[in-house]
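Asks: I'd like to ask you about the structure that follows.
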């Protein structure tokens, strides 16, 4: 890969991808948000600690600020939170070229479409990532669960050749020509799990018990929502899919629960918010989904956290 691979966002997923690319010897560079974050990174010798199964590898990853250079960015992985994408990309818009390509790793839906509209001249790819990761420190990421990355372009087109670098980095990825249905199903899974874990402060495995009768009603609403978006999936198939994810990640703490614990803004607007708005726009009733949205907003308000 002749062009450097830039990664915008040093959260758990951004560090995981940066670490895996660096381990494979790829030219990978982190784009950090603030001068303080950059100073801290450089003070640590630009060391990224990648931990898996109790073993930790120390890797060197160069970091910079989006504004610190005018060098073109042609290969960009965007791994910020969904609510931060628009502002983060504005800081480096001057470095994007007509042939630049962006890969968006965000949870939920809504932020991807906004980026596509803001950058119509660049190719914007959407991703669904199922790897589990969390940060032990600012430069230390734990790869907690091996998953798969599905990549696609909402516009017709083949996979760009440079994505083969991800294979070199050991990232299990697959090109999916019809990516939007994939993201809708992932959104449904997130709607069924993340809000319950945040409300009840529980790991994923406890979701059905904690939600009680609310859970089957929620799954029924999510099946109706998917159908309204052209995603054909029976309630039984959706229930089985969500149950499988809950069982496979039973001990995990969802990203939304982690955000609440850390006193951070959640991605509620791009998960539950987008789901409820889309249902209204499609003219379908999702009472359990709407009730959960209101319940979570009230919970966040009590904690003094943003409700969007």
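In the UniProt record's numbering, the protein residues as written are 1 to 308.
Idealized CB from N, CA, C, for every residue including glycine.
1. How is residue 128 classed by DSSP in three states: helix, strand or coil?
2. Are the beta-carbon atoms of residue 134 and residue 12 separated by less than 7 Å?
3. In the DSSP assignment, the beta strand (DSSP E) including residue 216 goes from what residue to what residue?
4. Under the three-state reduction of DSSP, which class applies to residue 209: helix, strand or coil?
5. Do you know whose CA, among 96, 183, 171 and 308, lies nearest residue 269's CA?
6. For residue 204 versus residue 246, is the C-beta spacing smaller than 7 Å?
7. Which residue or residues does DSSP assign as beta-bridge partners of residue 259?
8. Expressed to the nearest angstrom, what Euclidean distance is found between the alpha-carbon atoms of residue 198 and residue 260?
9. Under the rule that 16 or more other beta-carbon atoms within 10 Å means buried, what is residue 10, buried or exposed?
10. Could you check the C-alpha separation between residue 56 and residue 22 for me, to the nearest Å?
11. If you run the structure through DSSP and keep just helix, strand and coil, what is residue 304?
12. Kindly indicate which three-state DSSP category residue 171 falls into: helix, strand or coil?
13. Cβ of residue 114 within 7 Å of Cβ of residue 86?
14. If you count every other CB in all the chains shown that lies within 10 Å of the CB of residue 240, and 16 or more means buried, which is it?
15. Which residues bound the beta strand (DSSP E) around residue 193?
16. In this structure, how does DSSP classify residue 374 when only helix, strand and coil are distinguished?
17. Pick out whichever of 254, 179 and 184 has its Cα sitting closest to the Cα of residue 202.
18. Could you give the DSSP three-state label for residue 77: helix, strand or coil?
19. Between 228, 252, 187 and 298, which has its C-alpha nearest residue 107's C-alpha?
20. Within 10 Å of its beta-carbon, does residue 311 have 16 or more other beta-carbons around it, so buried, or fewer, so exposed?
21. Which residue comes first and which comes last in the beta strand (DSSP E) that contains residue 271?
22. Which residues share a DSSP beta bridge with residue 63?
23. What span of residues does the alpha helix (DSSP H) with residue 86 cover, start to end?
24. Going by C-alpha distance, which of 44, 123 and 140 is nearest residue 158?
25. Assign residue 225 to one of two classes, buried (16 or more other C-beta atoms within 10 Å of its C-beta) or exposed (fewer than that).
26. Assign residue 169 to one of two classes, buried (16 or more other C-beta atoms within 10 Å of its C-beta) or exposed (fewer than that).
Replies: Well, looking at it:
1. The answer is strand: DSSP assigns residue 128 an E or B state.
2. yes
3. Careful: residue 216 lies outside any beta strand (DSSP E), inside the alpha helix (DSSP H) at 214 to 228.
4. helix
5. 308
6. yes
7. Looking at the DSSP assignment, residue 259 forms no beta bridge with any residue, so it has no partner.
8. 7 Å
9. buried
10. 14 Å
11. coil
12. Residue 171: coil per DSSP, three-state reduction.
13. yes
14. exposed
15. No beta strand (DSSP E) holds residue 193; the alpha helix (DSSP H) holding it covers 179 to 200.
16. Not covered by the structure: residue 374. The range shown for the chain is 1 to 308.
17. The residue among 254, 179 and 184 with its C-alpha nearest the C-alpha of residue 202 is 254.
18. strand
19. 187
20. The shown model of the chain, from 1 to 308, leaves out residue 311, and the question about it has no answer.
21. It is not in any beta strand (DSSP E) - residue 271 carries neither H nor E in the DSSP assignment.
22. 30
23. 85 to 90
24. 123
25. buried
26. Under this definition residue 169 is a buried residue.
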